[in-house]
Amino acid sequence: MSELVARGFLRALHHAAESMLRHPPTHQAVEGAVTALHQAAEALTAAEKEVVITVGDEALFLGSRLLPHASIEFHGMRSDLQQRGVDSITVLRGASRRDLADLASVAAGHGTDLPAGGTVRLNERPLTPAQLEARPLSGLRRTYAASLDALRSVSSGRRLELGKVSGAVEGFLRGGAAEGGPSLMLATLHNHDETTFYHSVNVCLLSLALGRAAGLSDDELRPLGMGALLIDIGRVVLDDPALRAPGRLSNEDWALVRLHPQEGALAILAATRPGEEVAAQIALEHHVRFDGGGYPDLGGRRPHYLSRLVAVADVYDAVTSHRTHRPARTPHEALEILSRGKGEAFDPDVVEAFIRMMGLYPPGSLLRLESGEVVVVTAGTGGSPRALVVSDASGALLEVPEPLDLAGCRVAGELLSDDVGVPPASLLEAALAASGGGR
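Numbered per my numbering, the sequence shown spans residues 13 to 451.
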């Protein structure tokens, strides 16, 4: 079973629990969420009579197999379940709506246990750490999850806490995010339900790596990372449904969108400590062009250097992610867009530094070789870019990706993640192992 199916079930469980926290049990939203959970359970057990999801100390597992994406996406729910004494969830084929609703109630904190002998069972088959896949969640993934939680807390109506944001940036620096390589693969992670949050964390990762490539010290990288992580906090503060609606925006909605840099800067300034003000400036200026255009109007003044770094990272991640009004583009296409904007939209020196850092095929690029194999690039710079083979010439996915030196390989074309069914970020641990890293 793919992680995608397991993530679908966990996402439905999370939505059902959130609905129960916001509405009474008989509310239409709760009924709809439980129906979606029931459908997700049917998909989860379509190929097996029962499925066990293990709730580990720092990750979620399908049986004993690590679910790397789900462990980030549902970091908060995993922690809540663990605190409530849930070590495993067993879902039987034909699980009833009632039992699934009870499970969502436990996830919401309204219940503590499920009836014995039901179609959904708790702690029936817990696994010990020794039985779980010996592939611990990397420090980068843990920090990614913590960063998402820091942004979600603002969305929940709580005050912006820069201490959490600063801690996340420190975690990324300790985890080697500024050194590029596998951390740039993690920056390919996207979630259509939380586009703003994932985009912000990806921009932070890309900005830290770009800042290091541009020669910044750790003291300069810290405010850069904070500003990058908070570039779209103004969207969260505005919290207008129009900003999340599918399709192109109306003129009125677009006018509202153009306010998010100012709103974000004000929210950051209200929470800043001395020395952190530049984070607010980055949030204010990340849509200002190198030539002084864009928004808000700075009276022709060029944005701060750190803002120019973030602007490049912002556009790169936006172009390579799927949005409701347009499909994703490949990493190589995104580099071409940045290159065409040099001197007008973007600082040419920053773009050149970014392209040097990413290489011809940036980390996370999915390539089809002329030999027929599909590979994901794990390190794009230097004379010998490295990759992992994810499918053979016949198109069969490999159970264990195989390291490959791309020197001498001929590329037939670029692919998107949806074409292959392998999200590049899911291979982070394999890339770390292949490079001899262990962060």
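Using N, Cα and C, we set each Cβ at its ideal position, and we do this for glycine too.
Check, Outcome
"Pick from A323, E426 and Y210: whose alpha carbon is nearest that of R335?", "Y210"
"Contact defined as beta carbons within less than 8 Å: I believe V132 pairs with V103. What is the distance between those atoms, to the nearest angstrom?", "6 Å"
"What distance in whole Å lies between the Cβ atoms of D326 and V181, which are believed to be in contact at a cut-off of 8 Å?", "Not a contact, Cβ separation roughly 16 Å."
"Can you name the start and end residues of the alpha helix (DSSP H) that P141 belongs to?", "Careful: P141 lies outside any alpha helix (DSSP H) and carries neither H nor E."
"State the Cα-Cα distance for the pair G420 and G433, rounded to the nearest angstrom.", "26 Å"
"Leaving out five residues before and five after D92 in sequence, what residues of the same chain have Cβ atoms less than 8 Å from its Cβ?", "A119 and G121"
"Hey, out of L72, S377, L242 and R34, whose CA is closest to A279's CA?", "L242"
"Whole angstroms is fine: what's the gap from L134's alpha carbon to P37's?", "22 Å"
"DSSP three-state call for P148: helix, strand or coil?", "Because P148 carries a pLDDT of 49, less than 50, the predicted location of this residue cannot be relied on, and the following value inherits that uncertainty. Residue state, collapsed to three classes: coil."
"Quick check on DSSP: helix, strand or coil for R260?", "coil"
"Which residue wins for smallest C-alpha separation from T342, given the options P374, L217 and A323?", "P374"
"Would you identify the three-state DSSP class for V17, choosing helix, strand or coil?", "helix"
"Report the rounded CA-to-CA distance for L410 versus V388, giving the unit in angstroms.", "12 Å"
"Pick helix, strand or coil for E85, following the three-state DSSP scheme.", "helix"
"Quick check: what's the CA-CA separation for A189 versus T57?", "37 Å"
"So is E85 buried or exposed if we call it buried at 16+ other beta carbons inside 10 Å?", "buried"
"If I measure Cβ to Cβ from S195 and keep anything under 6 Å in the same chain, skipping five residues before and after, which residues do I get?", "L152, A189 and L217"
"Out of L112, A330, A292 and R338, which has the shortest C-alpha to C-alpha gap to H316?", "A292"
"Short check: CB of L318 to CB of I294, under 8 Å?", "yes"
"On the CB-based measure, 16 or more other CB atoms within 10 Å of its CB, does V213 come out buried or exposed?", "buried"
"Going by alpha carbons, who is nearest to T332 out of D359, T207, R320 and V290?", "T207"
"Since I believe F21 is in contact with A52 (beta carbons under 8 Å), could you give me their beta-carbon distance rounded to a whole number of angstroms?", "4 Å"
"Please name the residue, chosen from R380, L250 and P413, that lies closest to A405 on a Cα-to-Cα basis.", "R380"
"Pick out the complete beta strand (DSSP E) segments inside the region 343-375, 3 residues or longer, and give them in chain order.", "none"
"What residue from V166, Q94, L115 and R109 has the CA that sits closest to P138's CA?", "Q94"
"Mind checking whether L74 and I65 have CB atoms under 8 Å apart?", "yes"
"Near L115, what residues of its chain come up, given a Cβ to Cβ distance below 6 Å and the 5 sequence neighbours on each side ignored?", "V132"
"P413: buried (16+ other C-beta within 10 angstroms of its C-beta) or exposed?", "buried"
"For A225, which residues of its own chain have a beta-carbon under 6 Å away from its beta-carbon, when the five flanking residues on both sides are left out?", "A365 and M369"
"Using CA atoms only, rank isn't needed, just tell me which of L25, S117, A240 and D431 is closest to E297.", "A240"
"May I ask you to list the residues that DSSP assigns as paired with G425?", "R380"
"For the beta strand (DSSP E) that contains P413, what are its first and last residues?", "L409 to D417"
"Label S31 either buried or exposed according to how many other C-beta atoms from any shown protein chain fall within 10 Å of its C-beta, with 16 as the threshold for buried.", "buried"
"With DSSP as the reference, label G306 as helix, strand or coil.", "strand"
"Residue ranges of each beta strand (DSSP E) run of no fewer than 3 residues wholly in the region 25-91, ordered along the chain?", "62-67 and 72-74"
"The alpha helix (DSSP H) spanning L225 covers which residue range?", "First, the amino acid is wrong: residue 225 is Ala here, not Leu. Taken as a continuous stretch (DSSP letters only), the alpha helix (DSSP H) holding A225 covers T207 to A225."
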